[in-house]
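All residue numbers for the sequence shown refer to the numbering used here, where the first residue is 37 and numbers rise by one. All residues carry an ideal CB built from backbone N, CA and C; glycine is no exception. Let me begin by presenting the structure, written as structure tokens, before commenting on it.
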Amino acid sequence: MPLSTVASLGLDDEPRLVLKPSAQDLAAGRFFQVQNPATLETLAGVRLDDAGALDRTIERSRAAFLAWREVPAPVRGQIIREIGESFRAHKVALGRLVSIETGKVLSEGEGEVQEAIDIAEFAAGLSRTIGGPTIPSERAKVRIFEQWHPLGPIGVITAFNFPAAVWAWNAMIAAVCGDTVLWKPSLAAPITACAMNRLATAVATRHGHPALFSLVIGTDDQIGERLIADRRLPLISATGSCRMGRRVASVVGARLGRTLLELGGNNAAIVEPSADLDLALKSVVFAAVGTAGQRCTTTRRLFVHESIADDFVQRLVAAYRTITIGNPVDSGVLVGPLINRRAVESFDAAISQARAQGATLLTGGKRCVPLGTLAGVGGAQGPLPGHFVEPAILRCPGSDLPIAREETFAPILYVFTYRDLEDAIARNNSVDQGLSSAIFTDSVRASERFLSASGSDCGLAYVNLGTSGAEIGGAFGGEKDTGGGRESGSDSWKAYMRRQTCSVSHAATLALAQGIRFG
Ligand code: UN1
């Protein structure tokens with residue numbers, strides 16, 4: 037699936053991309069080859085930045101910030117709204133690019149672009165509403181109020197699995213807040229990053245702000261480490277593994293910078309006997325196998341009440357067997373490939389460990405070679421050489437399985453049974469991560485119990501909806517090892533600004549707070 041299928045994005049003259057990098061450039065680490073994970077075709081070579089380029093980009097972004105912060109927020113909002121319109125105009129091509137680069141099916145690729153459009157609209161609205169409260173002063177003729185100011189150039193590190201939306205959650209909000217944005221995308225999905233950044237930059241440039249958004253592409257050693265250590269970046273927003281988040285937190289923390297972390301999830305769904313089981317089944321299947329299990333919000337653990345477990349699990353297995361695996365751009369395909377060989381190896385290893393720990397493999401769990409549209413040969417069909425696996429369901433004995441405590445970024449669903457809702461909630465909460473959670477029930481009591489202070493301990497809690505597929509309007513993020521950050525909607529904008537508490541007196545004499553008399 038060549039890049040020419042997304043010609044409308046103008047990537048042909050993107051200076052960072054070459055069709056075929058030379059062997060010397062590859063060996064010297066100047067270029068990196070991006071592969072289509074379904075066909076293994078090389079999509080393009082992407083030029084990597086070195087330390088000097090990073091330094092210049094940060095400097096340019098800092099200088100741009102000094103001008104951008106002076107632009108009134110509602111005017112900034114109009115520019116962001118236009119950027120959203122540009123994403124909308126290119127939605128189909130961008131969605132296709134996300135599909136061919138990350139392996140997610142077309143409708144999910146387009147859905148991700150829709151998230152970027154939505155957050156741009158949200159940000160535009162926000163640009164006329166952000167502000168702080170007025171606080172009663174204990175002194176006469178004194179007014180106390182809070183105001184919010186732009187923070188600076190923001191470093192945004194994203195993962196491969198949402199190469200458009202997660203940047204947009206950060207970038208659109210940061211930009212209306214008056215910040216500039218420096219984006220380090222995953223090396224597994226840098227072409228989508230080039231396309232998104234180009235579209236945003238074209239609009240920003242038309243309005244005289246060519247360095248509002250910048251891109252730095254490189255390895256963690258060359259670029260990532262330098263980026264997080266750089267004091268010119270007051271906030272680093274990072275999405276990825278818990279291991280990566282710990283590193284970011286320690287380096288940025290050591291320089292007393294701010295972090296916004298959105299790390300791993302190990303999300304569970306609870307199916308109560310009172311649930312609408314048809315609805316629960318569909319929701320669990322999408323949340324467990326959508327994006328081939330490569331969302332941080334993927335359902336990885338399922339707790340089914342023992343009274344309905346056998347029947348529900350049987351239906352789940354039957355549903356899995358109807359899932360079409362293939363090239364994600366082909367119609368009818370629901371599950372595409374994993375992102376790379378390493379992901380397949382982690383999938384294999386987790387399945388073997390689960391079995392060694394006593395779980396029974398009910399379906400899937402193997403590598404596979406589906407038929408589909410092949411690389412660059414005009415729609416010819418054949419066996420696809422990419423990183424394909426069959427989504428797995430494992431029935432687990434007892435209440436715990438060590439491997440189920442780990443996040444394996446692949447479509448593996450560990451199924452447990454439970455007797456008491458209290459026990460299911462405790463097990464939902466028993467893992468290190470705390471991103472998303474769901475309960476399926478028609479009982480108000482069960483639902484309220486799940487949502488109460490001693491219920492789910494996750495940042496996201498759903499009732500009669502699966503663990504994935506959040507809308508942009510709410511704050512997105514999770515607790516514990518998920519990192520505690522919140523991005524996207526609600527009041528997440530506060531992370532991208534600095535708060536100033538202002539006290540103003542128009543009294544003729546000095547009055548000190550706390551009743552202090554002095555002289
Ligand atoms: C991610 O997997 O990093 O809630 C983000 C969801 C999507 C975002 C997932 N809106 O599944």
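Could you spell out where the beta strand (DSSP E) holding A428 opens and where it closes?
-> Translated into positions along the sequence shown, residue 428 becomes position 392. That run of the beta strand (DSSP E) goes A428 to R431.
Beta-carbon contacts of I153 that lie in its chain and below 6 angstroms, excluding the five residues immediately before and after | For the purposes of this step, residue 153 is taken as the residue at position 117 of the sequence shown. Only G120, F123 and R124 meet the Cβ criterion.
The beta strand (DSSP E) enclosing R52, as first and last residue numbers | Mapped onto the sequence shown, residue 52 falls at position 16. Neither: R52 is in no beta strand (DSSP E) and is coded neither H nor E.
Alpha-carbon spacing of Q350 relative to T396, whole angstroms | By one-based count along the sequence shown, residue 350 stands at place 314. By one-based count along the sequence shown, residue 396 stands at place 360. Using only the alpha carbons, I get a separation of about 13 angstroms.
Closer than 8 angstroms: G188 CB and nearest ligand 1 heavy atom = Here residue 188 refers to the residue found at position 152 when the sequence shown is read from its first residue. Not under cutoff, so the answer is no.
From which residue to which residue does the beta strand (DSSP E) around V192 run?
-> Within the sequence shown, residue 192 is the residue found at index 156, counting from 1. Here the beta strand (DSSP E) through V192 covers P189 to I193.
Buried or exposed by the 16-neighbour rule on C-beta atoms within 10 Å, applied to V111 = Residue 111 sits at position 75 when you count from the first residue of the sequence shown. With fewer than 16 other Cβ atoms within 10 Å, it is exposed.
Could you please give me the residues that DSSP links to S310 through a beta bridge?
-> Mapped onto the sequence shown, residue 310 falls at position 274. Note: S310 sits in no beta bridge, so no partner.
Helix, strand or coil: which one does DSSP assign to Q330?
-> Taking the first residue of the sequence shown as position 1, residue 330 is located at position 294. Coil at Q330, not helix or strand.
State yes or no: is the beta carbon of A390 nearer than 9 angstroms to at least one beta carbon in chain C?
-> Of the protein chains in the structure, only one exists, and it is not chain C.
Going along the chain, which residues put their C-beta within less than 7 angstroms of some heavy atom in ligand 1?
-> E151, A195, N197, F198, A201, V202, T275, E298, R331, C332, T333, S504, G505, A506 and F512
DSSP three-state assignment for R96, whether helix, strand or coil | The residue given as residue 96 occupies position 60 in the sequence shown. Looking at R96 - three-state DSSP - the assignment turns out to be helix.
What is the residue span of the beta strand (DSSP E) that I180 lies within?
-> Start at 1 with the first residue of the sequence shown, and residue 180 comes out as number 144. Run containing I180: V178 to P186, per the beta strand (DSSP E) assignment.
Measuring CB to CB, does G514 end up less than 9 angstroms from C494?
-> The count along the sequence shown starts at 1 and reaches residue 514 at position 478. The count along the sequence shown starts at 1 and reaches residue 494 at position 458. Taking 9 angstroms as the Cβ cut-off, G514 and C494 qualify as a contacting pair.
Under 6 angstroms Cβ to Cβ from R164, same chain only, skipping five residues before and after it: list those, please.
-> Looking up residue 164 in the sequence shown gives position 128. Cβ neighbours of R164 beyond the five flanking positions: P110.
Boundaries of the beta strand (DSSP E) in which L218 is found, first to last residue = Start at 1 with the first residue of the sequence shown, and residue 218 comes out as number 182. L218 -> beta strand (DSSP E) spans T216 to K220.
P419: buried (16+ other C-beta within 10 angstroms of its C-beta) or exposed?
-> Taking the first residue of the sequence shown as 1, we reach residue 419 at position 383. Exposed, by the Cβ-count rule.
Can you tell me which of the three DSSP states E298 falls into?
-> Translated into positions along the sequence shown, residue 298 becomes position 262. Three-state DSSP puts E298 in a strand.
Three-way DSSP call (helix, strand, coil) for A160 in this model | In the sequence shown, residue 160 corresponds to position 124, counting from 1. Helix, per DSSP.
With distances taken Cα to Cα, identify the nearest neighbour of A390 among I190, D312, P438 and A474.
-> Residue numbering aside, residue 390 sits at position 354 when the sequence shown is read from its first letter. Of the candidates I190, D312, P438 and A474, the one whose C-alpha sits nearest the C-alpha of A390 is P438.
Taking the DSSP output, what are the residues bridged to Q389?
-> Counted from its first residue, the sequence shown places residue 389 at position 353. Note: Q389 sits in no beta bridge, so no partner.
Report all residues from its chain with a CB closer than 7 angstroms to the CB of S33; omit the five preceding and five following residues, and keep chain order.
-> Residue 33 is absent from the model: the chain starts at 37 and stops at 555.
Does the distance from the C-beta atom of P430 to that of Q417 stay below 9 angstroms?
-> Numbered from its first residue, the sequence shown carries residue 430 at position 394. Numbered from its first residue, the sequence shown carries residue 417 at position 381. The sequence given here places Leu at residue 430; Pro does not occur at that position. No, the pair does not count as a contact, with Cβ atoms beyond the cut-off.
Spell out the partners DSSP gives L251 in its beta bridges.
-> Position 215 of the sequence shown, counting from 1, holds the residue named residue 251. Answer by DSSP bridge pairing, in chain order: W219.
Straight-line gap, G571 to Y532 (C-alpha atoms, nearest Å) | Nothing can be reported for residue 571, as the shown portion of the chain is limited to 37 through 555.
Do you know how far the Cα of F196 is from the Cα of L130?
-> Within the sequence shown, numbered from 1, the residue matching residue 130 stands at position 94. Within the sequence shown, numbered from 1, the residue matching residue 196 stands at position 160. Roughly 15 angstroms separates the two Cα atoms.
What's the C-alpha gap between E118 and Q393?
-> Reading the sequence shown from its first residue, position 82 is the one you call residue 118. Reading the sequence shown from its first residue, position 357 is the one you call residue 393. Those two C-alpha atoms are separated by around 54 angstroms.
Residues bridged to V425 (per DSSP) | Taking the sequence shown and counting its residues from 1, one reaches residue 425 at position 389. R403.
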